[in-house]
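*Asks:* Below is one structure. I have some questions about it.
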Amino acid sequence: MTAQTPPTPPFRDPDLPFAKRIDDLLSRLTLDEKIGFLHQFGPAVERLGIAAFRTGQEALHGVAWMGPATVFPQAVGLGATWNEELVRRVGEAVSRETRAMRARDGRVGLNVWAPTVNLLRHPLWGRNEEGYSEDPKLTSAIATAYTRGLRGDHPLYWRTAPVLKHWLAHNNETDRDTSSSPVRPRVLHEYDLRAFRDTVEAGATAGVMPAYNLVNGRPNHVSPHLREHLRAWTDEELLVCSDAGAPSNLVDSEHYFDTHEEATAAALRAGVDSFTDHGTDSSQIVGRVERALEQGLLTEADIDTAVRRQLSVRFRLGEFDPGADPYAGERAFDTPEHRALAQEAAEQAIVLLKNDDLLPLAPDTRIAVVGLLADECKLDWYSGTLIHRSTPLEGLYERFGAERVEFAEGVDRVLLKTAAGTFLHVPPAPEAPEAARGAEGALDPALLAGRTDLPPLTAEAAGTEFALADWGGGVLTLRAPDGRYLSVAGDGYVRASADQPGGWVVQETFRLEPHGDGHLLRHVGTGRHVQVAADGVKVAEEDPAVFELVVTERGEDAVTRAAARADVVVVVAGNDPHINGRETEDRTTLRLPAQQELLLRAARAANPDTVLALVCAYPYAVDPADLPAMLWTAHGGQAAGTALARVLAGDVSPAGRLPQTWYADDADLPDLLDYDVIGSRQTYLYFEGTPLFPFGHGRSYAAFSYGELTARVVDAAVRVSFSVTNTGGVTADEVPQLYGRAVDASVPRPRRELLAHRRVTLAPGETAELSFTLPLSAFAFFDVALGRWRVEPGAYELLAGASSEDVRARTTVTPAGEPAVARPVLERGLNAADFDEQSGTEIVDLTREAGDAVTAVAGKEGELLFRRCDFGRGVTAVSVAVSGGGTVELSLDGGPVLAALSPGAPTAGPYDYVTLTAPVTAAVHGVHDVRLRLRGPLRVARAGFAG
């Protein structure tokens, strides 16, 4: 007899809907197997033929961490292109390379953790490089384009499964795992949620990653917004992946829960489906889930819900249908098309900030290219390893010829002399093949160790001359003549061993600290001083060496000589993405580092025809008054130098636009932890000062005129049209931008708000007719009195132009709106967090699970203002729900206190609320503004009124 072939289980049947197949697979998995899936590194289930699976593959602007890959411009540079179609093609290229790399290295994952849609609210945020814009509409447009490219266009199967980072209101590295972002309801809905919402609703997102921070006193990993908002925006199953180590932070650093079992259960119930914790070791998370089940904190249904979401992603990625997966044979990697796209993206990302007819440069121009970044092609933490590399110097050599280009880096050349009269010396390195940092790939590059195969530095009679670069704040790098940076490995010895500064903890930075007649040399990564020992130079806790800094050449002198011999000087300044502003470290100032300011002044003094090219991950405050030309580009990836040279030569007319406001001074900035963009007048939406360069700004080598702006209300939309004409002499891109503003708003509204934009290419004399259809919802605001969006009746001005401040045409429309109504406080009361204005307060968590309350900032009195509250025919009593101890005072319209309510003794804990009631001392009826004054450390949840 012939054995019968066992029937194909339903979960393997490609003709069945995914939902039924997932139901079948879930029913076959044991509880232990399902629990194992909850960790980032889910094990295989061999009895069912299910492979191991891991969530998470970094792919912000190319496949990261897994070795060589095409490197595109940083995300903020992609944002500066204002070009969704270009960014979609970049996302497609990244996803194709992800598939190709996975085919040869199974460690490469298809659940990609990108893009980052955190808004660039504050330019000192260390991770500014990872976001697209300060504007939610532009951010969502670029993020949606990137996710569509990552996803692919098959109706059923996905090329990769993108996860949006980092949910929610996350713009600070300082105390990032313990700080709370205070976000009032209008800011939550109108600003922070919008970028996520539009991208999720577009349908190309597999999930989100919660951020490390808390919002309104509650960690994002137990946020009710995951359920109340995120999952309400789509019918798709969304996968929520924790950030690395964040589940443990709920207990270890945030102390939000007493036990890890409580924390893990709360995160799972809130909607976290995959726990990224303890690296590849899943035993901790598995044990916590098992104990949470035993303690009744979880049910198997809770686990099934999370596993179902994971399986939904795996089915969409074609894992269970290898014969039907249209992307299974993808092998496109480092193709000519990808290289050309990297260059195109780098060119489109360049922003011409200023040009007094110095640019473009003539072909026979003699150029001095100077500065710390003039011969650099910098990578950031989320870059892949370069296959191709182009620095500004190399690009200018290629475009203008090496004989017309002179280079001066501008570093100080120094010797480090010991008290014994010897000098630090780099011994010869043995002949050995070398690989760039990260070339081998790593699931966690933070664990990559420094090299120990090279000899440590010694102290000798003849010293090595080092290139000293000061990156600001006294943070230095020292580079040996062979190009290697001084670095400290795990054994504590100092070696010339690193091709670039980098790593989770940078081991290539130092500080010179005055000490007597010399300096101590402190290694920043370990915090220890450099010591000269018999077995080599190392860092140690004791016996630090005292050094005399012997300067053999000052950087500004070399810059001055080169600048004086040139027709034009190109100063390339900016940041190293691993130093003074990166993940884990916010910047402290907008100013350019002092050494680079010195080089810029030296170049300008020697040659007035000086171009400043800023290559940086964030804005700087550099006065352009004395500069005839100024450009900005983010770190542009593998083709950065070629792109910059082609723009300088006029082969490409620059058309990048600023994706965020460039402020003129640190004094223009709010506190880093002040997330109230409305109350603190932040970003171009509300900022009332004069920016250095406004949102949307960017010049061109062409000129453009704008035609009449027309607008009409049709059904539930506004149709807008205008024309743009290239009146210049070269083909160029223009980025027409359409803004709107409420003319007579009843609440603070944006000064202007981006409604639409389009990047167009126009030949000389060519005209583009542009039209946009705007839903009426584009004019809405979140009305805290109603708890929903509302379009206010009245006039709205529409403004078309080349930036948020360069308005070329305008008109006014008056769409139908919904009239305001006074707050029906007798029926609904007042939720404390639904204030119109506040002073001296912060929003905190009502309970650990959901809701907001308000408390006074420690040591201050707080006040909440609620406008237009309707008391009807009258009220005689007020009640407040409070916890803690203190007093709430009620007054109307700035008048006397009508009631004061205080618990007799503080409540037992912050979540133990009591309701207090008191009579009002005067008749109250009609419509009034309500003021609640908070004294002492109490939390107010809501107020109610009775007649």
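Counted the way the numbering used here counts, the sequence shown spans residues 1072 to 2018.
We put the beta carbon where it would ideally sit given N, CA and C, even for glycine.
The structure displayed is predicted, hence computed values, not measured ones.
#1: Sort out for me which residues DSSP pairs Lys-1609 with in a bridge.
#2: Note down the Cα distance separating Pro-1762 from Gly-1727, rounded to an integer number of angstroms.
#3: At which residue ranges does the segment 1822–1908 contain complete alpha helix (DSSP H) runs of 4 or more residues, listed in the order of the chain?
#4: Are there 16 or more other CB atoms within 10 angstroms of the CB of Ser-1754, so buried, or fewer, so exposed?
#5: Does the distance from the C-beta atom of Phe-1028 to that of Leu-1424 stay below 8 Å?
#6: Could you give the distance in angstroms between the alpha-carbon of Gly-2020 and the alpha-carbon of Gly-1900?
#7: Could you round the C-beta distance between Glu-1168 and Ala-1403 to whole angstroms and report it? I think they count as a contact, below 8 Å.
#8: Ile-1421 and Val-1641 - do their beta-carbons sit closer together than 8 Å?
#9: On the three-pair Cβ rule with 8 Å, is the segment 1993–2010 touching the segment 1941–1961?
#10: Mind checking which residues open and close the beta strand (DSSP E) that includes Gln-1808?
#11: Tell me Ser-1461's beta-bridge partners as DSSP assigns them.
#12: Can you pull the DSSP bridge partners for Trp-1703?
#13: Could you tell me the boundaries of the beta strand (DSSP E) in which Leu-1670 lies?
#14: Give the DSSP-derived three-state secondary structure of Gly-1113 in the structure shown.
#15: Distance, Cα to Cα, Gly-1945 vs Thr-1992?
#16: Within 10 angstroms of the Cβ of Gln-1366, are there 16 or more other Cβ atoms? Answer buried if so, exposed if not.
#17: What do you reckon, is the C-beta of Met-1137 under 7 Å from a heavy atom of the ligand FAD?
#18: Is there contact here, the segment 1267–1287 with the segment 1129–1137, by at least three beta-carbon pairs under 8 Å?
#19: Would you mind reading off the limits of the alpha helix (DSSP H) that contains Leu-1264?
#20: Based on the DSSP secondary-structure assignment, which residues constitute the bridge partners of Cys-1940?
#21: His-1706: which of Asp-1694, Asp-1553, Pro-1463 and Gly-1799 sits nearest, CA to CA?
#22: Which ranges would you report for the beta strand (DSSP E) in the segment 1222–1255 if only whole runs of at least 3 residues count?
#23: Pick from Val-2011, Val-1546, Thr-1245 and His-1586: whose alpha carbon is nearest that of Gln-1578?
#24: By the 10 Å Cβ neighbour count, where 16 or more other Cβ atoms means buried, how is Val-2011 classified, buried or exposed?
#25: Skipping 5 residues on each side, what residues in its chain have a beta carbon closer than 6 Å to that of Ser-1792?
#26: How about the segment 1147–1164 and the segment 1319–1336: do they share at least three Cβ pairs that are nearer than 8 Å?
#27: How many Å lie between Ala-1567 and Gly-1607 at the Cα?
#28: So the candidates are His-1996, Phe-1853 and Leu-1987; which of them puts its Cα closest to the Cα of Arg-2013?
#29: Apart from the five residues just before and just after Ser-1848, which ones in its own chain have a Cβ nearer than 8 Å to its Cβ?
#30: Assuming Gly-1148 is part of the alpha helix (DSSP H), what are its boundary residues?
#31: So, Tyr-1327 versus Pro-1295, is the Cβ gap smaller than 8 Å?
#32: Check for me: the beta strand (DSSP E) holding Asp-1737 runs from which residue to which?
#33: Return the bridge partner residues of Ala-1413 from the DSSP annotation.
#34: How is Asp-1375 classed by DSSP in three states: helix, strand or coil?
#35: Kindly provide the ranges of any alpha helix (DSSP H) runs that are 4 or more residues long and lie completely inside the segment 1339–1374, ordered along the chain.
#36: Just to confirm my understanding: we take Arg-1222, look at its own chain, exclude 5 residues before and 5 after, and list those with CB closer than 6 Å. What are they?
*Replies:* Once the coordinates are examined:
#1: Tyr-1564 and Gln-1602
#2: 18 Å
#3: 1896–1899
#4: Going by the sequence as given, residue 1754 is Thr instead of Ser. Flag for Thr-1754 reads buried.
#5: Not covered by the structure: residue 1028. The range shown for the chain is 1072 to 2018.
#6: What the structure shows of the chain is the stretch from 1072 to 2018, and residue 2020 is not part of that stretch, so it cannot be assessed.
#7: 7 Å
#8: no
#9: yes
#10: 1808–1813
#11: According to DSSP, which records beta bridges pairwise, Ser-1461 is partnered with nothing at all.
#12: Val-1422 and Leu-1685
#13: Here Leu-1670 belongs to no beta strand (DSSP E); instead the alpha helix (DSSP H) covers 1665–1677.
#14: strand
#15: 12 Å
#16: exposed
#17: Absent from the structure shown: the ligand FAD. Ligands present: none.
#18: no
#19: 1264–1272
#20: Arg-1894 and His-1999
#21: Pro-1463
#22: 1234–1238
#23: Val-1546
#24: buried
#25: Thr-1781 and Ser-1842
#26: no
#27: 12 Å
#28: Leu-1987
#29: Trp-1860 and Val-1862
#30: 1146–1151
#31: no
#32: First-last for Asp-1737: undefined, no H or E at that position.
#33: Note: Ala-1413 sits in no beta bridge, so no partner.
#34: helix
#35: 1354–1365
#36: Trp-1229 and Ala-1275
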